[in-house]
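To start, the structure under review is shown below, and the notes come after it.
Residue numbers (the working numbering): 2 to 90.
Printed below as a string of structure tokens:
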């Protein structure tokens, strides 16, 4: 009973590390896809807003603040830029 201790099974650790690396890569790919989808949606929205132009005013019953909406789009665009920089750096 007091003999030589068995060596630790390192195959489990190595397998787990590979899984973690694979999961990180998959998450990174999905994050990039999500960021790209957000960018496309923002681009379409900005194009629609530009096409409609400032002459189109919101209806009196609309509770949407156009200036706040544009500010939110710019903020989201900046956040996407930061996420992309973080993913590449």
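Note that beta-carbon positions come from the ideal geometry of N, C-alpha and C, so glycine has one too. All figures in this text were calculated on a predicted structure; none of them were measured in a lab.
Do the CB positions of residue 46 and residue 23 come within less than 8 Å of each other? No, they are not a contact pair.
8 Å CB neighbourhood of residue 71 in its chain, flanking five on each side removed: 50
Grouping DSSP H, G and I as helix and E and B as strand, with all else coil, what is residue 65? Coil, per DSSP.
Just the Cα atoms here: how many angstroms apart are residue 78 and residue 30? 19 Å
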